[in-house]
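Each remark here refers to the structure printed beneath this line.
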Amino acid sequence: LSASAIAGEKAAPSDANSSVSKIQGIPQIEDFMFCEGLLKKGCALFKAKNYEDAFAQFNRWAERGEAGSMNNMAVMLEAGLGVEVDFERARKLYLLASEADVAIAQYNLGMFLGAKYMDGAHAKRKISKTEQVERTENLLNGYKWLRLAARQGHNKAMAGADELEPYMSEEQVKLALHRIGWVLRNI
Numbered sequence: 004l005s006a007s008a009i010a011g012e013k014a015a016p017s018d019a020n021s022s023v024s025k026i027q028g029i030p031q032i033e034d035f036m037f038c039e040g041l042l043k044k045g046c047a048l049f050k051a052k053n054y055e056d057a058f059a060q061f062n063r064w065a066e067r068g069e070a071g072s073m074n075n076m077a078v079m080l081e082a083g084l085g086v087e088v089d090f091e092r093a094r095k096l097y098l099l100a101s102e103a104d105v106a107i108a109q110y111n112l113g114m115f116l117g118a119k120y121m122d123g124a125h126a127k128r129k130i131s132k133t134e135q136v137e138r139t140e141n142l143l144n145g146y147k148w149l150r151l152a153a154r155q156g157h158n159k160a161m162a163g164a165d166e167l168e169p170y171m172s173e174e175q176v177k178l179a180l181h182r183i184g185w186v187l188r189n190i
């Protein structure tokens, strides 16, 4: 079983391709990437704005199971750098890298899932039961992944979790913390 299945993480019905990415247009986007060891060459290509070749380089390593490269591909897919924007594929790659315990991927996934609710726009309009379930799952899982990244020492992850918490009920925070404990017991 995957860590998400063990943790009770359900794939929320996704409208991911219709949402706006929070990563697009960030000047230092490489800060969201894993650029150590085998991935240095791909990151150098990325920094030189040779996005297609960087994506191909990361893809080669991802096919061999290298989780950091999956995170980097997800960043590029989310931002549309060298590839077409594909939020659903980015989410899946972030999840795979997060389950492999890559802290930056856990941070990226947490923000990917939770950031769209932080602007308050979702709270201002009436949403369907299906949208409410999706919102709850995304907030719970976003918070969980941010806290797991913070546990590994990712410096922005705890601030991200703190930023997300006001959009959650007390019960949702407790449930997210329960999911974190479930993951940690099953690692």
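In our numbering, the protein residues as written are 4 to 190.
Using N, Cα and C, we set each Cβ at its ideal position, and we do this for glycine too.
Q) With burial defined as no fewer than 16 other Cβ atoms inside 10 Å of the residue's Cβ, what is the status of P16: buried or exposed? A) Taking the sequence shown and counting its residues from 1, the one referred to as residue 16 is at position 13. For P16, the pLDDT reaches just 38, beneath the cut-off of 50, and the residue's location in the model is therefore unreliable, leaving the point undetermined.
Q) Leaving out the 5 sequence neighbours to the left and right, which residues in its chain are closer than 6 Å to L180 when beta-carbon positions are compared? A) As a working mapping, residue 180 is identified with position 177 in the sequence shown. If we look at L180 and ignore the five residues flanking it on each side, it has no Cβ neighbours.
Q: Quick one: grab the DSSP three-state call for A164.
A: Against the sequence shown, residue 164 aligns to sequence position 161. Under the three-state reduction of DSSP, A164 is assigned to helix.
Q. Can you tell me whether DSSP reads E69 as helix, strand or coil?
A. Position 66 of the sequence shown, counted from the first residue, corresponds to residue 69. E69: coil per DSSP, three-state reduction.
(Q) Check whether the region 136-154 and the region 109-119 are in contact - that is, three or more C-beta pairs closer than 8 Å. (A) yes
**Q.** For L149, the first and last residue of its enclosing alpha helix (DSSP H)
**A.** Working through the sequence shown from its first residue, we reach residue 149 at position 146. Here the alpha helix (DSSP H) through L149 covers 132-154.
Q. Whose C-beta lies closer than 8 Å to the C-beta of E168 among residues of the same chain, with five residues either side of it excluded?
A. As a first step, residue 168 must be located in the sequence shown, where it is residue number 165. So the qualifying residues of the chain are Y146, V176.
Q.
Please state the DSSP three-state secondary structure of L116.
A. Along the sequence shown, read from residue 1 onward, the residue named residue 116 stands at position 113. It is helical.
Q: Between the Cα of E81 and those of A93, G71, N74, S72, spot the shortest distance and give me the residue it belongs to.
A: Your numbering for residue 81 matches position 78 in the sequence shown. In this structure, A93 is the residue among A93, G71, N74, S72 with its C-alpha nearest to the C-alpha of E81.
Q: Give the DSSP-derived three-state secondary structure of M171 in the structure shown.
A: Locating residue 171 in the sequence shown gives position 168, counting from the first residue. DSSP places M171 in coil when its eight states are reduced to three.
Q: Compute the beta-carbon to beta-carbon distance between Y54 and M79, rounded to the nearest angstrom, for a pair I have assumed lies under 8 Å.
A: The residue you call residue 54 lines up with position 51 of the sequence shown. The residue you call residue 79 lines up with position 76 of the sequence shown. 7 Å between Cβ atoms; contact.
Q.
How far does the alpha helix (DSSP H) with D94 in it extend, from its first residue to its last?
A. The count along the sequence shown starts at 1 and reaches residue 94 at position 91. Checking the sequence shown, residue 94 turns out to be Arg, not Asp. Counting along the chain, the alpha helix (DSSP H) containing R94 begins and ends at 90-102.
(Q) Would you say F49 lies against chain B (beta-carbon separation less than 8 Å)? (A) Among the protein chains of the structure shown there is no chain B, as only one such chain exists.
Q: Would you be able to state if there are at least three C-beta pairs under 8 Å between the region 134-144 and the region 156-166?
A: no
Q. In whole angstroms, what is the alpha-carbon distance linking G71 and G113?
A. Working through the sequence shown from its first residue, we reach residue 71 at position 68. Working through the sequence shown from its first residue, we reach residue 113 at position 110. Cα to Cα, the separation comes out at about 16 Å.
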